[in-house]
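J.: Counting in my numbering, the sequence shown runs from 33 upward without gaps.
Here it is, the structure, as structure tokens.
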Amino acid sequence: MFRPDGAMLCSVGVDGSVMLWDLATRLGRPLPAVGPGQVHAVAFSPDGRLLATGSSDGVVVTQDPTARVSRSLLDASAATRSAACLAFSPDGSTLAVGQRDGQITFWDVATRCVRAIVGEHRGFVSSLAFSPDGSLLASSGGDHTVRLWDVAASRERFAVGGQVSQRVALAFSPDGRLLALGDKVSAVVRLWNVSSGCQLDALRGPQAAVVAVAISPDGTTLAAADLRGEITCWDLATAKMCPQRLRHAGVHALAFAPGGRALASGGFDGIVYLWDWRVSSGDGPVTT
């Protein structure tokens, strides 16, 4: 995940280790572990001053990643729920925590108090994404369903059932009108109208199941990574697939840099690549 200013990148290893990378120097350092739980997810606040880490024993918010100062956000009783995924609201005031008990807790970052709890997923919550204006939250979970939540009302707007996978990759368009779903068992990216809850299109092109999706900050391009280690891009205005394919063995995470020119891919090979995807050339590994 990129810090919003694009100067730093945070990566999580399969062993639960967290690395912070200075993209100017290409140097990284490990984030010290806080608590015994293994880290599963990370999220930067919109101003880049906080880094939340989700683990099996709760959530820790790092006040300033560069100063290595941290504090626990969840109290001891809440920590037993185990955090599976995280997302900050666009204004940074709320942290949504997707839990392994199927609930989503909205935490007030300033007061460290619970604002609301919603819970319709059976099993666990596997992924979260706020709409750009913060009014909606998309979630996927162990019940093979993607749900769209009205944050202010703490109620479900609509649900998209029939997902083959329990872990669906989610990405909103910058204008908040479109939600891209990458079912991690299907080689198709589905585009949904957020207002109507209707499917708009199904983008085909990947040769294997889609494991990650991302939309560029200008809303023109959608990128999807598949299990074969290929990254495919589409022009969203025309739904046409771009001619180049990027190769990264074991890729499982994608993120566009805030400026939109660079695309980061993280893989099970322990490498994070930065791509100038317009010319299909790797910027090289940030880490090995």
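Cβ atoms here follow ideal geometry from the backbone N, Cα and C, with glycine treated the same way.
Keep in mind that this is a model prediction, so the values were computed, not measured.
For valine 157, tell me which candidate among Arg293, Ala115 and Val192 has the shortest Cα-Cα distance.
T.: What you label residue 157 is simply residue 125 of the sequence shown in a count that begins at 1. It is Ala115 whose Cα lies nearest to the Cα of valine 157.
J.: Determine the DSSP secondary structure at isoleucine 303, reduced to helix, strand or coil.
T.: The residue given as residue 303 occupies position 271 in the sequence shown. Reduced to three states, the DSSP call for isoleucine 303 is coil.
J.: Around the Cβ of cysteine 145, are there at least 16 other Cβ atoms within 10 angstroms (buried) or fewer (exposed)?
T.: Taking the first residue of the sequence shown as position 1, residue 145 is located at position 113. That one is exposed.
J.: Are the CB atoms of alanine 241 and lysine 216 within a distance shorter than 9 Å?
T.: Taking the sequence shown and counting its residues from 1, the one referred to as residue 216 is at position 184. Taking the sequence shown and counting its residues from 1, the one referred to as residue 241 is at position 209. The answer is yes: Cβ separation under 9 Å.
J.: Checking the sheet assignment: what are the DSSP bridge partners for aspartate 233?
T.: Position 201 of the sequence shown, counted from the start, is the residue given in the question as residue 233. The partner list for aspartate 233 (beta bridge, DSSP) reads Leu223.
J.: Just to confirm my understanding: we take leucine 160, look at its own chain, exclude 5 residues before and 5 after, and list those with CB closer than 6 Å. What are they?
T.: Here residue 160 refers to the residue found at position 128 when the sequence shown is read from its first residue. So the qualifying residues of the chain are Cys117, Ala119, Ala128, Gly130 and Ser171.
J.: Using the C-alpha atoms, what's the distance from methionine 33 back to glycine 302?
T.: Within the sequence shown, the letter at position 270 stands for residue 302. Within the sequence shown, the letter at position 1 stands for residue 33. In a straight line, the C-alpha of glycine 302 is about 15 Å away from that of methionine 33.
J.: Give, in chain order, every unbroken run of the beta strand (DSSP E) that is at least 3 residues long and sits entirely within the stretch 161–218.
T.: Counting only runs of 3 or more, we get 168–173, 178–182, 187–192, 200–204 and 210–215.
J.: Considering only C-alpha positions, which residue in the set Gly208, Gly298, Asp47 and Ser167 is nearest to tryptophan 261?
T.: Indexing the sequence shown from 1 puts residue 261 at position 229. The question names tryptophan, but residue 261 in the sequence shown is glycine. Nearest C-alpha to glycine 261: Gly298.
J.: Considering only C-alpha positions, which residue in the set Leu278, Phe190 and Gln239 is nearest to cysteine 230?
T.: Translated into positions along the sequence shown, residue 230 becomes position 198. Cysteine 230 has its Cα closest to that of Phe190, out of Leu278, Phe190 and Gln239.
J.: Have a look at Pro238, Leu202, Pro97 and Val178 and flag the residue whose alpha-carbon is nearest the alpha-carbon of arginine 279.
T.: As a first step, residue 279 must be located in the sequence shown, where it is residue number 247. Cα-wise, what sits closest to arginine 279 is Pro238.
J.: Could you tell me whether the Cβ atoms of tryptophan 266 and valine 226 are closer together than 9 Å?
T.: Along the sequence shown, one-based indexing puts residue 266 at 234. Along the sequence shown, one-based indexing puts residue 226 at 194. No, they are not a contact pair.
J.: In the structure shown, what three-state DSSP assignment does serine 121 receive?
T.: In the sequence shown, the residue the question calls residue 121 occupies position 89. DSSP places serine 121 in coil when its eight states are reduced to three.
J.: With DSSP collapsed to three states, give me the class of glutamine 95.
T.: Translated into the one-based positions of the sequence shown, residue 95 becomes position 63. Looking at glutamine 95 - three-state DSSP - the assignment turns out to be strand.
J.: CB-CB under 6 Å to serine 121, same chain, minus the five flanking residues each way: which ones, in chain order?
T.: Here residue 121 corresponds to residue number 89 of the sequence shown, with the count starting at 1. Cβ within range, chain order: Phe162 and Gly166.
J.: For aspartate 134, which residues from the same chain have a beta carbon less than 8 Å from its beta carbon, with the 5 sequence-adjacent residues on both sides left out?
T.: Counting from 1 along the sequence shown, the entry for residue 134 is found at position 102. Sequence inspection shows glycine at residue 134; the aspartate mentioned does not correspond to that position. Excluding sequence neighbours, glycine 134 sits near Gly151, Glu152, His153, Arg154, Gly155, Phe156, Val157, Gly173, Gly174 and Asp175.
J.: Compute the Euclidean distance between the alpha carbons of proline 164 and arginine 61, then round it to the nearest angstrom.
T.: On the sequence shown, residue 164 is found 132 positions in, with the first residue counted as 1. On the sequence shown, residue 61 is found 29 positions in, with the first residue counted as 1. C-alpha separation (whole angstroms): 30 Å.
J.: If we count the other Cβ atoms within 10 Å of its Cβ and call it buried at 16 or more, is alanine 184 buried or exposed?
T.: For the purposes of this step, residue 184 is identified with residue 152 of the sequence shown, where counting begins at 1. The residue is exposed, with fewer than 16 neighbouring Cβ atoms inside 10 Å.
J.: Based on the DSSP secondary-structure assignment, which residues constitute the bridge partners of glycine 130?
T.: For the purposes of this step, residue 130 is identified with residue 98 of the sequence shown, where counting begins at 1. Beta-bridge pairing links glycine 130 to Cys117 and Ile136.
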